[in-house]
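Below is one structure, written out as structure tokens; the observations come after it.
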Amino acid sequence: MEILKSAVEKLHIHLTPLQLEQFQNYYHEIINWNTHINLTSITDYTDVQIKHFLDSLTVAEAFDFNKRSLELIDVGTGVGMPGIPLKIVFPEIRLTLIEATKKKTKFLEEVVKQLGLREVEIIAGRAETTAHDILYREKFDVVVSRALAPLPALVELTLPFCNIGGCCIAQKKGDIDKEIEQSKKAIEVMGGKLHRIYKVELKEFNDNRSLVIIDKIKATPVEYPRRPGIPGKRPIIS
Numbered sequence: 002m003e004i005l006k007s008a009v010e011k012l013h014i015h016l017t018p019l020q021l022e023q024f025q026n027y028y029h030e031i032i033n034w035n036t037h038i039n040l041t042s043i044t045d046y047t048d049v050q051i052k053h054f055l056d057s058l059t060v061a062e063a064f065d066f067n068k069r070s071l072e073l074i075d076v077g078t079g080v081g082m083p084g085i086p087l088k089i090v091f092p093e094i095r096l097t098l099i100e101a102t103k104k105k106t107k108f109l110e111e112v113v114k115q116l117g118l119r120e121v122e123i124i125a126g127r128a129e130t131t132a133h134d135i136l137y138r139e140k141f142d143v144v145v146s147r148a149l150a151p152l153p154a155l156v157e158l159t160l161p162f163c164n165i166g167g168c169c170i171a172q173k174k175g176d177i178d179k180e181i182e183q184s185k186k187a188i189e190v191m192g193g194k195l196h197r198i199y200k201v202e203l204k205e206f207n208d209n210r211s212l213v214i215i216d217k218i219k220a221t222p223v224e225y226p227r228r229p230g231i232p233g234k235r236p237i238i239s
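Residue numbers (my numbering): 2 to 239.
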């Protein structure tokens, strides 16, 4: 994990021996499970360090995760990104992971166990239904998501989880100007306000990666998110 260790220092993150061991074990779990479950196409040792782990930790540029008792939810987490890398580096976080594919949630359960992570809840389900559960609706200080959906749909899938005063952080890459423009109405409807767009400037990435930070300023109307599949098929577009 020397590549990761060196790269994250540019993010003012200094990994301990325990954290490096956890990332190493995380990598081995991904590789082992990927032989019989299609988890990810990124399996090269260097690529996993950069495209999965480092990419996940860039989120720390947008928010101070050293705050105590922080409730964070990762929507559509897949193999646990960015939630698990953030939990490794900031163990005080109380983390919730949502993933609709049950095979992946089994993987996540094993990873959490093997890495010895505490205060992690894994939900096997869709964001559209889970966000209507009183246990999770508007309960989180930070909502993160990586490559889940175009921004207009993503806003509907994530902002309902965010408490008023909290924020959503969406990881994006490429030219996102059109997505930002199209998402303005959805952001307003869901009770959000675009705070800023943070450009990730690391030499390891050459594909214009950004963090879109949306503040939650008022409650999301009870009818949102709409039923499964609808936010993606019929996004609220400006």
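Glycine residues also receive a C-beta, built at the ideal position from the N, C-alpha and C atoms.
- Taking the Cα positions, Ile-32 is about 13 Å away from Lys-105.
- The Cβ atoms of Asp-56 and Phe-206 lie closer than 9 Å to each other.
- Per the Cβ contact rule, the region 11-21 is in contact with the region 81-91 (3 or more Cβ pairs under 8 Å).
- DSSP, reduced to helix, strand and coil, places Thr-97 within a strand of the structure shown.
- Pro-222 is positioned such that its CB atom lies no closer than 9 Å to that of Gly-193.
- With a threshold of 16 other beta carbon atoms within 10 Å, Gly-77 meets it and is buried.
- Where Ile-32 is concerned, the enclosing alpha helix (DSSP H) starts and stops at 18-35.
- Straight-line measurement puts the Cα of Ala-154 at about 29 Å from the Cα of Lys-68.
- Taken through DSSP and simplified to helix, strand or coil, His-196 comes out as strand.
- Phe-54 is not bridged by DSSP to any residue.
- By the neighbour-count definition (other C-beta atoms within 10 Å, threshold 16), Thr-47 is an exposed residue.
- Note that the region 117-133 does not touch the region 38-53; fewer than 3 beta-carbon pairs, one per stretch, sit closer than 8 Å.
- Thr-59 is classed as buried because its beta carbon has at least 16 other beta carbons within 10 Å across all chains shown.
- Within the region 101-165, the complete beta strand (DSSP E) segments of 3 residues or longer fall at 121-125, 141-147, listed in chain order.
- Comparing C-alpha distances from Gly-166 to each of Val-143, Val-156, Lys-179 shows the shortest one belongs to Val-143.
- Minimum Cα-Cα distance from Lys-140 among the listed residues Lys-185, Glu-22, Glu-10, Ala-220 corresponds to Ala-220.
- Close CB contacts of Glu-72 within its chain, under the 6 Å cut and outside five residues either way in sequence, are with Arg-95, Phe-141, Asp-142 (chain order).
- Excluding the 5 residues flanking it on each side, Ile-181 has same chain C-beta neighbours closer than 8 Å at Leu-152, Leu-195, Ile-198, Val-213, in chain order.
- By the neighbour-count definition (other C-beta atoms within 10 Å, threshold 16), Pro-83 is a buried residue.
- When secondary structure is reduced to three states using DSSP, Glu-224 falls in the coil class, being assigned neither helix nor strand.
- Separation of Ile-85 and Ile-170 (C-alpha to C-alpha, rounded to the nearest whole angstrom) is 15 Å.
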